[in-house]
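Structure first, then comments.
Residue numbers (UniProt numbering): 1 to 921.
This is the structure in structure tokens:
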């Protein structure tokens with residue numbers, strides 16, 4: 001820990017912030033690698049002076065300093081024990097873009113996709129495009145010399161860098177370009193090491209391990225800037241970069257080539273690259289199988305068990321297609337598909353883009369880890385290397401999902417090593433794998449850098465003279481070894497500080513079964529491997545995951561940040577009942593978007609409920625847990641006298657007092673109860689048609705019974721006999737979201753009793769409210785794992801749209817020409833899906849604008865005291881922005897009660913349920 005008085009002195013010198021809290025240090029204790037190193041503090045600089053002051057402070061206090069961008073480093077080069085500088089929060093601007101010169105000046109924290117958006121308006125792009133481009137930063141890309149699928153055509157980050165303005169380890173500011181004189185002693189260093197630089201470095205394009213000192217050679221233009229790229233934060237802190245942009249191609253075509261296996265595909269790379277493609281990516285069948293299991297489907301692929309995704313470009317679509325046709329004639333694939341549709345092309349590329357996260361689980365569901373995830377060999381050796389690598393992994397009884405930049409000879413893989421139980425075997429494998437790559441003339445890293453994962457292995461790849469040159473180069477910039485120590489030079493052990501090594505199981509405590517993680521909460525929360533997709537699409541660009549991060553851009557409010565805190569809890573470094581856990585989970589909306597959108601399968605809503613269950617079991621809870629968490633109980637009582645309750649709620653003074661006592665924000669309105677609930681309005685009709693059970697949830701019963709009645713009429717018109725449960729039962733959702741899992745189970749048992757007979761007879765259950773329907777489908781079997789009826793009931797649950805869409809006799813009304821704005825409920829997006837609704841709207845001829853984001857209310861979240869501002873801010877990133885942009889006459893459709901409530905309370909707009917829209921009510 002750092003002395004508080006010393007920290008206060010630095011804080012007073014910063015325009016940005018410094019945070020030494022245990023929660024913040026937990027959030028930054030890991031990146032996307034296997035490593036866990038808790039920093040002493042995290043700094044969020046706003047200005048160059050902030051960076052200089054922080055560096056001076058680190059030097060004075062003898063602290064290490066580590067630069068960090070999006071935190072997506074797979075090699076462990078963005079974690080450190082001293083100060084971590086997060087450049088992504090404030091140092092995130094495109095400073096200048098010159099279309100004529102085709103250059104841009106950027107700060108290190110700018111997200112690549114933001115630069116791409118700015119360049120695209122001028123017909124330009126930044127060449128390298130890693131799969132994390134919607135959250136990785138330019139500083140991080142410069143740190144590890146990132147590449148991406150199009151490096152084959154547009155090069156690596158080092159190829160795009162022109163000049164870099166940095167602070168070296170002594171605090172001196174330097175402008176790095178092509179002049180060695182910018183760094184004292186560099187010219188002499190180069191002259192003294194010419195033999196090593198010419199013989200051991202720069203042997204093939206993807207030789208990313210070590211420092212890229214080949215760029216110092218006079219025949220390579222003595223580029224200090226390019227030599228600095230890939231130095232992983234060990235030589236300087238980046239303040240600003242000038243980078244080159246490249247023109248966008250006029251048109252591209254994707255050709256998918258099928259082969260018997262990925263090694264055979266690699267054998268054909270020379271023929272493929274001979275056709276001048278702009279990208280050549282490889283995917284193994286194992287990864288496709290995992291993607292299919294995760295999503296339910298994948299676009300059609302040609303025959304084979306290994307595929308090359310090859311992109312050809314041209315000035316016109318016809319020219320790009322002609323190149324694709326020539327490619328097919330030149331290669332030895334057993335099958336192929338040429339894809340010209342933009343939507344299908346994007347869907348196919350998405351298989352590759354999600355690989356980093358999905359590869360975090362082996363085909364049989366075991367955790368798979370990085371560490372040997374991006375070795376590269378000369379492309380002509382790739383097939384042979386892959387076959388030898390398969391023998392190596394078989395010998396260690398491990399498996400992984402292969403994919404990567406086959407055109408460049410770079411392969412990505414994560415392996416299901418039991419690191420938690422056998423870190424010594426992990427270490428032995430890494431050394432054997434390093435020797436294998438070197439035998440094939442390869443590099444330990446092809447683009448991710450060495451970091452903590454491979455720096456110790458450099459002794460296998462490089463001679464003592466080369467490693468001495470690395471040390472000498474670093475010493476010119478950072479003589480006191482303050483910048484990211486333990487990386488590249490004087491490395492930390494590859495098996496030191498492993499995040500999961502030695503962790504004891506954390507079995508379920510009467511909460512969720514966590515069946516996919518063998519009942520172990522520790523395994524569950526360690527699903528987060530840090531790929532950071534929850535940080536994508538920030539700054540109001542939309543998206544479902546993670547709503548609070550979209551509004552705040554604070555790591556604390558990302559799914560990853562919360563997972564890191566819970567990882568510290570399960571290892572015993574933080575207390576279940578400590579303030580850090582409460583702060584971390586407070587702004588989680590329990591929207592469940594991560595359940596579907598996180599490629600690693602993190603389900604923070606479940607982990608939050610489980611944590612609250614453990615935290616408060618047997619203890620007094622916050623007032624809103626009783627008021628909102630047990631809402632169905634109070635609504636059942638209020639429903640006996642709805643007019644009286646509405647009258648009391650209309651009294652401003654009484655309402656304010658009541659809301660404050662209940663832990664609800666007094667600025668919130670209380671939704672009016674319906675004068676007559678659903679059950680008082682419902683009359684079951686006879687008939688001989690097949691029976692269907694209409695699930696009448698609490699919100700439909702008490703607030704919007706008209707939606708349930710409309711759904712019943714729709715089903716009856718199709719000839720079904722509509723039934724409801726004999727008494728009002730509940731899915732337990734509000735108990736779940738507040739972690740009252742014992743209470744939730746009691747409600748769900750009653751629901752199973754009410755539904756099991758109908759389901760056993762082959763009947764289906766149709767839900768009206770998405771959140772409650774999702775709870776029946778997903779939470780029911782997890783909370784009642786020992787009741788075989790629970791799984792059967794969950795499998796029988798349908799949304800209204802799913803049920804109607806599957807009925808061959810149903811014809812939706814023709815609404816050609818109408819425009820609707822649709823707000824999918826978060827739980828529907830995450831658990832139930834929205835495809836049936838999309839098909840129905842298409843059949844109706846309706847012009848649909850779909851809101852891609854949470855409404856911000858999310859059940860009880862937006863009602864809780866202290867959440868109003870964030871709830872409104874989240875709404876502004878999606879719902880409110882869409883309402884503002886909608887043309888006159890566009891109707892809002894929202895099946896979720898919370899979504900309709902948010903639209904009404906914040907925008908004065910009334911939303912309609914799908915059932916009423918279909919009936920024209």
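Glycine is no exception: its CB is placed at the ideal position from the N, C-alpha and C atoms.
Beta-carbon within less than 8 Å of residue 699's beta-carbon, same chain only, minus the 5 sequence neighbours each way: which residues are those?
769, 772 and 897
Pairwise C-alpha distance: residue 786 and residue 279
50 Å
From what residue to what residue does the alpha helix (DSSP H) around residue 105 run?
Note, residue 105: premise wrong, no alpha helix (DSSP H); beta strand (DSSP E) at 103-106.
If you check the beta carbons only, do residue 169 and residue 482 fall under 8 Å apart?
yes
Tell me which residues share the same chain as residue 587 and place their Cβ nearer than 7 Å to its Cβ, disregarding the 5 neighbours each side in the sequence.
548, 557 and 870
Go to residue 397, then tell me how far its beta strand (DSSP E) extends in each direction, as first and last residue.
Counting along the chain, residue 397 falls outside any beta strand (DSSP E), and DSSP gives it neither H nor E.
Just to confirm my understanding: we take residue 298, look at its own chain, exclude 5 residues before and 5 after, and list those with CB closer than 7 Å. What are they?
288, 291, 292 and 351
In its own chain, which residues sit with a C-beta less than 6 Å from the C-beta of residue 683, not counting the 5 before and 5 after it?
none
Taking buried to mean at least 16 other C-beta atoms within 10 Å of its own C-beta, is residue 539 buried or exposed?
Note that residue 539 has pLDDT 43, beneath the 50 cutoff, so the model's placement of it is unreliable and no number is given.
Secondary structure at residue 905, three-state DSSP: helix, strand or coil?
helix
Residues of its chain near residue 715, where Cβ-Cβ distance is below 8 Å and the 5 sequence neighbours each way are ignored
692, 694, 722, 766 and 803
Between residue 258 and residue 302, is the Cβ-Cβ spacing less than 8 Å?
yes
Thinking just about the alpha-carbon of each residue, which of 718, 662 and 678 is nearest to the one in residue 689?
718
Residue 160 and residue 244: beta carbons closer than 8 Å?
yes
Chain D contact for residue 689 (CB, 8 Å cutoff)
The chain labelled as chain D is not found in the depicted structure, where only one protein chain is given.
Could you tell me the distance, in whole angstroms, from the CA atom of residue 162 to the CA atom of residue 223?
9 Å
Taking C-alpha atoms, which residue in 907, 528, 469 and 889 lies nearest to residue 876?
907
Find the nearest neighbour of residue 165 within the set 155, 152, 139 and 150, judged by alpha-carbon distance.
139
Taking the alpha carbon of residue 739 as the reference point, which residue from 860, 763 and 819 has its own alpha carbon closest?
860
Evaluate residue 1 with the Cβ neighbour count: other Cβ atoms within 10 Å of its Cβ, from every protein chain shown; 16 or more gives buried, anything less gives exposed.
exposed
Among 872, 236 and 914, which residue has its Cα nearest to the Cα of residue 821?
914
Which partner residues of residue 895 appear in the DSSP bridge assignment?
Answer is none; residue 895 lacks a bridge partner.
As a quick exercise: from 235, 26, 14 and 11, pick the residue whose alpha carbon is nearest that of residue 568.
26
Excluding sequence positions up to five away, which residues of its chain have a Cβ less than 6 Å from the Cβ of residue 489?
470, 471 and 474
Which listed residue (305, 810 and 449) has its alpha carbon closest to that of residue 923:
Since the displayed the chain opens at 1 and closes at 921, residue 923 lies outside it and no answer follows.
Between residue 247 and residue 97, what straight-line distance do the alpha-carbon atoms span, to the nearest angstrom?
14 Å
Starting from residue 928, trace the beta strand (DSSP E) both ways and give me its first and last residue.
Outside the displayed span of the chain (1 to 921) sits residue 928, for which this structure offers no information.
Only counting the same chain, and skipping five residues up and downstream in sequence, which positions put a Cβ closer than 6 Å to that of residue 362?
368, 399 and 416
Determine the burial state of residue 463: buried for a count of at least 16 other Cβ atoms within 10 Å of its Cβ, exposed for fewer.
exposed
Status (buried if at least 16 other CB within 10 Å, exposed otherwise) for residue 391:
exposed
Sort 252, 468, 421 and 133 by Cα distance to residue 192 and report the nearest one.
468
Residue 12 burial status per 10 Å Cβ neighbour count (16 or more: buried):
exposed
What residue does the beta strand (DSSP E) around residue 799 start on, and which one ends it?
797-799
Compute the distance between the beta-carbons of residue 734 and residue 892, then report whether it is under 8 Å.
no
Please look up how many angstroms separate the CB atoms of residue 662 and residue 609, rounded, as I've assumed it's under 8 Å.
Incorrect: roughly 20 Å between the Cβ atoms, too far for contact.
Would you call residue 564 buried or exposed, if buried means 16 or more other Cβ atoms sit within 10 Å of its Cβ?
buried
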